[in-house]
Structure formats: C-alpha cells, structure tokens
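Remarks on the structure that follows.
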Amino acid sequence: MTFSLLLLLAAAAPDDPFRSAATQEIRELIHGELWEHYDIASVSVIDVVDHTGEWGGYHHGYGIRTVAAGFVAVRNASWNSGLNRQIPQHLCDGEVELYLLCRPLGFEFSGTVEMDLVFTVDGWKVLSRNHRNRRRFPLANYLRCDVDPLDNDAVLIRKCFGASPETLSAPGERDP
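Each residue of the sequence shown is one higher than the one before, counting from 2 in the numbering used here.
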C-alpha cells in the first residue's frame, strides 16, 4: 500500500522547473542557429553541471549551469527571409559549407549540444558562445564533437555535422 502511494506521488510530482526552462531555451537556440529551416522534434536534457562557487568568487556564484542536451531537428519547407535563396543553388552541388540548407524536406539532423545557462531577471537564458572562431557554421559553438582547432572547414563539418558527399544527397538518390 505504501509503495503504491509513493508511486502515485512520484507520478504526480511536477517537472523540474530548471529542466523545463533549459529545454525551452535550448530548443529556441537550435531553431535560430538552424535559420528556422528545421523544426525541432525533440530536446532532452542529458546532464546538468551546477557551477555554484566556481564562477562567482567567494559568493554562491552567478547561477550558471552547463547543460548537455540531445536534439532531433527535421528540415521544413521554410526559407529564412534574411538569406538569399540563390546562394545554395551552386554550393549544394559540390560544397558542404551550407549543407544544412541543401538537405531535402524531411531530412533529420540530430546531435548533442552543450551550453551554459545563466540565471537572469527574465529566468534562465543561454550564455552566448558566438565569440569563438567557428561562428560561420550553425551550432558549431555548441555541438559536442571532437575537433582540432587546426581542422579545415570540410573536416570540421564532417566531424560535427556528419556531412560528407555521400550524405548530401536526398534519401533514395544514392545507389544501394
């Protein structure tokens, strides 16, 4: 009887407010980083590291947490109005720099991101990492992937995005 009551109470417990806020912030960041060309099918928090006392001197810290999350995004039919539609026409045939734009409708892109969230007057917000040198690639500052700072662009894309000439074609276009 007691065990059943505990299970019922556990099932009724509300979600962790931080995980809910982190999931929403990560979802919005991924959507924006992918130029709104992908719908975010799922985001799941994998790990949270609290930095209390590490980045705040002798105080309790500034409310900074590092979050790792897995995600799945699916290519939609929209095109970001800030991007020229003519750009990928010639690049999709041989270059991989814009491969996320070149993927067909319904293409599924997944990965793991890691980001810092800071507590602000507006709640938990992603702390930007866009100061890093690989900003020209979507999510490159947040994706967990094994890269060497000396890697060239093609190697970086292959490692972080799983892109290669074989994977750039639409499903069904490749030879079996």
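Backbone N, C-alpha and C fix where the C-beta goes; we use that ideal spot for every residue, glycine too. All figures in this text were calculated on a predicted structure; none of them were measured in a lab.
Pick helix, strand or coil for residue i, following the three-state DSSP scheme.
i      : result
Ala22  : helix
Val156 : helix
Glu29  : helix
Glu34  : helix
Phe162 : helix
Gly107 : coil
Ile46  : Looking at the sequence provided, one finds Val at residue 46 rather than Ile. Three-state DSSP puts Val46 in a strand.
Leu140 : coil
Leu151 : coil
Asp17  : coil
Asp123 : coil
Thr53  : coil
If contacts are defined as beta-carbon pairs under 8 Å, then residue i and residue j qualify, I think. What distance do you get, rounded to the angstrom?
i     : j     : result
Arg28 : Ile41 : 5 Å
Trp80 : His32 : Actually they do not touch by this definition, with Cβ atoms about 14 Å apart.
Are the beta-carbon atoms of residue i and residue j separated by less than 8 Å?
i      : j      : result
Asp107 : Val75  : In the sequence as displayed, the identity of residue 107 is Gly instead of Asp. A contact, by the Cβ cut-off of 8 Å.
Leu140 : Glu34  : yes
Ala70  : Val44  : yes
Arg145 : Glu109 : no
Val122 : Gly64  : no
Less than 6 Å between C-beta atoms, sequence neighbours within five positions excluded: which residues of the same chain meet that for residue i?
i      : result
Leu30  : Val127
Asp51  : Arg66
Phe72  : Ile31 and Val44
Asp48  : Ala69
Val148 : Leu157 and Lys160
Please confirm whether any heavy atom of the ligand GDP lies closer than 7 Å to the CB of residue i.
i     : result
Ile27 : Among the components of this structure there are no ligands whatsoever, and the ligand GDP is therefore not found.
Tell me, please, whether the CB atom of residue i is closer than 8 Å to any CB atom in chain C?
i      : result
Pro105 : The chain inventory of the structure shown lacks chain C, comprising one protein chain alone.
Beta-carbon within less than 7 Å of residue i's beta-carbon, same chain only, minus the 5 sequence neighbours each way: which residues are those?
i     : result
Gln84 : The question names Gln, but residue 84 is Leu in the sequence shown. Excluding sequence neighbours, Leu84 sits near Trp36.
### Query
Taking the runs of the alpha helix (DSSP H) that are 4 residues or longer, which of them lie wholly in the stretch 64-104?
Within the stretch 64-104, the complete alpha helix (DSSP H) runs of at least 4 residues are 88-92 and 100-103.
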